[in-house]
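Only one structure is covered here, and it is reproduced in the block below.
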Amino acid sequence: MSAPSPVPLDNRAVARVLIEIAMLLELKGDNPFKIRAYRNGADIVANAAEAVAGLDEAGLRAWSGIGKDLAGRIREIALTGDCAVRQDLLKEFPATLLDVMRLQGVGPKTVAMLYRDLHIKSLEDLSEAAKAGRVRALKGMGAKKEELILRALEERQRHAGRHRLDQATEVAEALVAHLKQYAPAADVVTVGSVRRGAETSGDIDILATGAERSLTDAFVSFPGVERILGHGETKASILLRGGFQADLRLVLPEERGAALQYFTGSKAHNIALRDRALERGWKLNEYGLFDPQDQPIAGSTEEDIYQALGLAWIPPEMRENRGEIAAAADRVLPALVEPGDLRGDLHMHTTESDGRESLEAIVSAARERGLEYVAITDHTKSLAMTNGLDEDRTLAHAARIRALSRTLKGFTVLAGIECDILPDGSMDLADDCLAALDIVIASVHSALQQDEAEITARLIRAIEHPSVDIIGHPTSRMLLRREASKVRIEKVIDAAAANGVALEINSQPYRLDLSDSHARLARDRGVKLVISSDAHEIPALGFTRWGVLTARRAWLSKDDVLNTRPVAAFRKALRRQRAKRI
DNA sequence: GCCGTTTTCGGCCCGACTGTTTTCAGTCG
Ligand SMILES: Nc1nc2c(ncn2[C@H]2C[C@H](O)[C@@H](COP(=O)(O)OP(=O)(O)OP(=O)(O)O)O2)c(=O)[nH]1
Ligand SMILES: [Mg+2]
Ligand SMILES: [Mg+2]
Ligand SMILES: [Zn+2]
Numbered sequence: 021m022s023a024p025s026p027v028p029l030d031n032r033a034v035a036r037v038l039i040e041i042a043m044l045l046e047l048k049g050d051n052p053f054k055i056r057a058y059r060n061g062a063d064i065v066a067n068a069a070e071a072v073a074g075l076d077e078a079g080l081r082a083w084s085g086i087g088k089d090l091a092g093r094i095r096e097i098a099l100t101g102d103c104a105v106r107q108d109l110l111k112e113f114p115a116t117l118l119d120v121m122r123l124q125g126v127g128p129k130t131v132a133m134l135y136r137d138l139h140i141k142s143l144e145d146l147s148e149a150a151k152a153g154r155v156r157a158l159k160g161m162g163a164k165k166e167e168l169i170l171r172a173l174e175e176r177q178r179h180a181g182r183h184r185l186d187q188a189t190e191v192a193e194a195l196v197a198h199l200k201q202y203a204p205a206a207d208v209v210t211v212g213s214v215r216r217g218a219e220t221s222g223d224i225d226i227l228a229t230g231a232e233r234s235l236t237d238a239f240v241s242f243p244g245v246e247r248i249l250g251h252g253e254t255k256a257s258i259l260l261r262g263g264f265q266a267d268l269r270l271v272l273p274e275e276r277g278a279a280l281q282y283f284t285g286s287k288a289h290n291i292a293l294r295d296r297a298l299e300r301g302w303k304l305n306e307y308g309l310f311d312p313q314d315q316p317i318a319g320s321t322e323e324d325i326y327q328a329l330g331l332a333w334i335p336p337e338m339r340e341n342r343g344e345i346a347a348a349a350d351r352v353l354p355a356l357v358e359p360g361d362l363r364g365d366l367h368m369h370t371t372e373s374d375g376r377e378s379l380e381a382i383v384s385a386a387r388e389r390g391l392e393y394v395a396i397t398d399h400t401k402s403l404a405m406t407n408g409l410d411e412d413r414t415l416a417h418a419a420r421i422r423a424l425s426r427t428l429k430g431f432t433v434l435a436g437i438e439c440d441i442l443p444d445g446s447m448d449l450a451d452d453c454l455a456a457l458d459i460v461i462a463s464v465h466s467a468l469q470q471d472e473a474e475i476t477a478r479l480i481r482a483i484e485h486p487s488v489d490i491i492g493h494p495t496s497r498m499l500l501r502r503e504a505s506k507v508r509i510e511k512v513i514d515a516a517a518a519n520g521v522a523l524e525i526n527s528q529p530y531r532l533d534l535s536d537s538h539a540r541l542a543r544d545r546g547v548k549l550v551i552s553s554d555a556h557e558i559p560a561l562g563f564t565r566w567g568v569l570t571a572r573r574a575w576l577s578k579d580d581v582l583n584t585r586p587v588a589a590f591r592k593a594l595r596r597q598r599a600k601r602i
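Residue 21 is where the first sequence starts when you use our numbering, and the numbers rise one by one after that.
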């Protein structure tokens, strides 16, 4: 019996319960398509921007993949914290069996047998039985399987969980460089969720084309390999010290497009694309697109595959089966924002608060990066540990910022602030001080545990303040470390739309806040976004790389992102200027 | 359990690798 949950549940918690149900159904040997429906439903809920707790049955059923039954379960889970279907299944299988099923290489059939024949209910039971050699006696098991289970038990802690995009990218680049040493002429690229720019990755996926078979040997001998999970003719998998798993796939040059498409995913996108091939009487796999006589139709490039299926080429960031296939068929895919489109960066700190660079140093670095304008936005006084600024220091700092700006040709430095939003939603600095600045970001940094109504009202009050132009990192989440606040983002988005306030995509790789799905909802409801580095040191100006990927996953085009505009147009689009015109 | 400018019933993506098989199930991508 699990601990009682606070209700209503957030989307991630609802999705976890749906996955548990899927796993229990797998243990039971239930219909695989029904199980897929639950897993697919979990995916939809986890990535929905709006809280499912706030939607009725019709609202939920509007999502393809959620029907009458799942809508009912989702509502029941969101509102009560649990559901009858799950409770019934737990009468057949203890919840601790699900931990056993999460072990690498241990699936539902094995777990069901361990439970039925050896009465193994938990990881501890399994460890004991495997050490005593009782597991190998089971049907289909042997000494090697038993050994694999013991390894998986050991590695469970170190290799569980996901990784941040920036860290996954770094390891992927090292792996690609390693492989290129062995096969300089081969094409070696990162694929999977890293290529799609997902905020976290479960592993690293690499595709190699035009290399000798022996490249898989180089892969499994990468320094830092802890264990080889598999090593075949065209595919190998390794566990790296540091907790990463990596998969390599090797294909022929004429298969490159199909393999890129397959290995980039996502799984849901692949299934939808393969369905579309089936509708035309064809077959799509990682080797190509084939007609009923197995004759190849396309395969060497991704463009050929999508085109043969009647689709425009779809950027990897959009491949999540969230409407991109229909948009590609109708030729209405947006032209996504690109890194080179950014002209300004509106969130950075200096030594005046908790930044590590002087005003002059960070401005000069931003300029060298090719930007045309920045805003200096130090913290305010309630964040005492950051040496936050009071009104006097803010105005003196603003004078220095403007003086610096006047000395620069073709570059503008805006005098701004990252003003703390106090727990009651008021601003940490006086109104006249905020009004005297060029730009104001308002952000929440404290009292993050407020309940849904409080934190939502707090952000809306900040949005209604006439000097606030941008809300910084609106949910305050820290990826893999801290949950978002309980803020109802759809209400914040509506308030931002009503007041002409922009929302930030904070590019710090542990924030990415707004997230892809939140930013997409914001855009759909008419809110403009800014992509900001929130740099506290010079290299961090490059964080916008991650923010741009998030924006692309949100289907944003250049026009949706204010800091793609020249400085004059940017300033006109800010709330403080818009308000003057009305 | 979901879904339908073919369908409201009958489909539902497709393949690599491993260990245990005497021809393939299980797990994973
Ligand atoms: N057609 C098909 N492709 C799959 C399936 N599972 C995985 N793939 C493809 C699409 C995935 O993006 C790609 C890599 O698999 P991963 O399990 O590593 O997933 P991905 O990288 O998307 O997410 P991750 O962050 O690793 O959890 O392989 C599947 O069941 N069917
Ligand atoms: Mg992956
Ligand atoms: Mg993978
Ligand atoms: Zn902040």
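Virtual Cβ for every residue (Gly too), placed ideally from N, Cα, C.
Under 6 angstroms: does the beta carbon of residue 212 sit that close to some heavy atom of ligand 2?
Residue 212 sits at position 192 when you count from the first residue of the first sequence. True, at least one ligand heavy atom lies under 6 angstroms from that Cβ.
Check whether the stretch 350-367 and the stretch 394-406 are in contact - that is, three or more C-beta pairs closer than 8 angstroms.
yes
Per DSSP, cross-strand counterpart(s) of residue 316:
Locating residue 316 in the first sequence gives position 296, where the first residue counts as 1. According to DSSP, residue 316 bridges with 310.
Within 6 angstroms of ligand 4: residues by beta-carbon to any heavy atom
438, 463, 465, 492, 493
Is the stretch 203-219 touching the stretch 334-350, taking contact as three or more C-beta pairs under 8 angstroms?
yes
Check whether the Cβ of residue 223 lies closer than 6 angstroms to any heavy atom of ligand 2, and answer yes or no.
On the first sequence, position 203 is the one that residue 223 refers to. Within the cutoff, so yes.
Between which two residues does the alpha helix (DSSP H) containing residue 527 stretch?
Here residue 527 refers to the residue found at position 507 when the first sequence is read from its first residue. Run containing residue 527: none; DSSP gives neither H nor E here.
Using the Cβ count rule (16 or more neighbours within 10 Å means buried), how would you classify residue 51?
In the first sequence, residue 51 corresponds to position 31, counting from 1. Residue 51 comes out exposed.
Ligand 5 heavy atoms versus the CB of residue 60: any closer than 6 angstroms?
As far as ligands go, the structure on display features ligand 1, ligand 2, ligand 3 and ligand 4 and does not contain ligand 5.
Tell me the DSSP secondary structure of residue 256 in three-state form.
Translated into positions along the first sequence, residue 256 becomes position 236. It is a strand residue.
Could you pull out every unbroken alpha helix (DSSP H) segment of at least 4 residues lying fully inside the stretch 29-79, listed in chain order?
31-48, 52-66
Look up residue 586 in the DSSP assignment and say whether it is helix, strand or coil.
The residue given as residue 586 occupies position 566 in the first sequence. Residue state, collapsed to three classes: coil.
Candidates 46, 84, 310: closest to residue 106 by CA position:
For the purposes of this step, residue 106 is identified with residue 86 of the first sequence, where counting begins at 1. Of the listed residues, the one whose Cα sits closest to residue 106 is 46.
Roughly how many angstroms separate the alpha carbons of residue 454 and residue 463, rounded to a whole number?
Walking along the first sequence from the start, residue 454 turns up at place 434. Walking along the first sequence from the start, residue 463 turns up at place 443. Taking the straight line joining both Cα atoms gives about 14 angstroms.
Assign residue 486 to buried or exposed, taking buried as 16 or more other Cβ atoms, counted over all protein chains shown, within 10 Å of its Cβ.
Stepping through the first sequence from its first residue, residue 486 is reached at position 466. Exposed: under 16 other Cβ atoms inside 10 Å.
Beta-carbon within less than 8 angstroms of residue 586's beta-carbon, same chain only, minus the 5 sequence neighbours each way: which residues are those?
Stepping through the first sequence from its first residue, residue 586 is reached at position 566. These residues qualify, in order along the chain: 363, 392.
Is DSSP giving residue 227 helix, strand or coil here?
In the first sequence, counting from the first residue as 1, residue 227 sits at position 207. Three-state result, residue 227: strand.
Could you work out which residue in 280, 446, 489, 222 is closest to residue 259 when comparing CA atoms only?
Taking the first sequence and counting its residues from 1, one reaches residue 259 at position 239. Residue 222 is the option with its Cα nearest to residue 259.
Using 6 angstroms as the cut-off, classify the Cβ of residue 147 as near or not near the heavy atoms of ligand 1, replying yes or no.
Sequence index remark: in the first sequence, residue 147 carries index 127 (1-based). No; taking the cut-off as 6 angstroms, the Cβ of residue 147 has no heavy atom of ligand 1 nearer than that.
For residue 538, which residues in the same chain have their Cβ closer than 6 angstroms to its Cβ, ignoring the five residues on either side in sequence?
Position 518 of the first sequence holds residue 538. Once the five neighbours on either side are set aside, the close Cβ partners of residue 538 are 69, 509.
Keeping to the same chain, check which residues put their C-beta closer than 7 angstroms to that of residue 202; ignore five residues upstream and five downstream.
Looking up residue 202 in the first sequence gives position 182. So the list reads 235, 238, once near-sequence residues are dropped.
Is the beta carbon of residue 286 within less than 6 angstroms of some heavy atom of ligand 1?
In the first sequence, counting from the first residue as 1, residue 286 sits at position 266. Under cutoff, so the answer is yes.
For ligand 1, I want to know if residue 113 counts as a neighbour, meaning its beta carbon is within less than 6 angstroms of at least one of the ligand's heavy atoms.
Mapped onto the first sequence, residue 113 falls at position 93. Checking every heavy atom of ligand 1 against the Cβ of residue 113, none is found closer than 6 angstroms.
Quick one: what's got a C-beta closer than 8 angstroms to residue 103's C-beta in the same chain, skipping five residues either side?
Here residue 103 refers to the residue found at position 83 of the first sequence. Cβ neighbours of residue 103 beyond the five flanking positions: 37, 41, 93, 96, 97.
Under the three-state DSSP convention, the category residue 399 falls into
Position 379 of the first sequence, counting from 1, holds the residue named residue 399. Strand at residue 399.
Give the C-beta separation of residue 497 and residue 533 to the nearest angstrom, bearing in mind that I take them to be a contact with Cβ-Cβ under 8 angstroms.
For this step, residue 497 is matched to residue 477 along the first sequence. For this step, residue 533 is matched to residue 513 along the first sequence. So it is a contact: roughly 5 angstroms between Cβ atoms.
Completely contained alpha helix (DSSP H) runs for the stretch 189-230, where each covers 4 or more residues:
212-215
Counting only the same chain and skipping the five closest in sequence on each side, list residues whose C-beta sits under 7 angstroms from that of residue 477.
Looking up residue 477 in the first sequence gives position 457. Closer than 7 angstroms at Cβ, skipping near neighbours: 445.
Put residue 107 into one of helix, strand or coil per three-state DSSP.
The count along the first sequence starts at 1 and reaches residue 107 at position 87. It is helical.
Spatial distance of residue 31 from residue 315 (CA atoms):
On the first sequence, residue 31 is found 11 positions in, with the first residue counted as 1. On the first sequence, residue 315 is found 295 positions in, with the first residue counted as 1. Straight-line Cα distance between these residues: approximately 45 angstroms.
Under 8 angstroms, with one C-beta from each stretch per pair, do the stretch 522-529 and the stretch 543-557 reach the 3-pair mark?
yes
Could you tell me whether the stretch 275-292 touches the stretch 223-233, where touching means 3 or more Cβ pairs closer than 8 angstroms?
yes
Whose C-beta lies closer than 7 angstroms to the C-beta of residue 231 among residues of the same chain, with five residues either side of it excluded?
Here residue 231 refers to the residue found at position 211 when the first sequence is read from its first residue. Closer than 7 angstroms at the Cβ level, and outside the excluded window around residue 231, lie 203, 206, 270.
Do residue 283 and ligand 1 come close, with the Cβ less than 6 angstroms from some heavy atom?
Looking up residue 283 in the first sequence gives position 263. Correct: residue 283 has its Cβ closer than 6 angstroms to ligand 1.
Do residue 483 and residue 515 have their C-beta atoms within less than 7 angstroms of each other?
The residue you call residue 483 lines up with position 463 of the first sequence. The residue you call residue 515 lines up with position 495 of the first sequence. A contact, by the Cβ cut-off of 7 angstroms.
Alpha helix (DSSP H) containing residue 305: first to last residue?
Here the question's residue 305 lines up with position 285 in the first sequence. Taken as a continuous stretch (DSSP letters only), residue 305 belongs to no alpha helix (DSSP H), being part of the beta strand (DSSP E) at 303-305.
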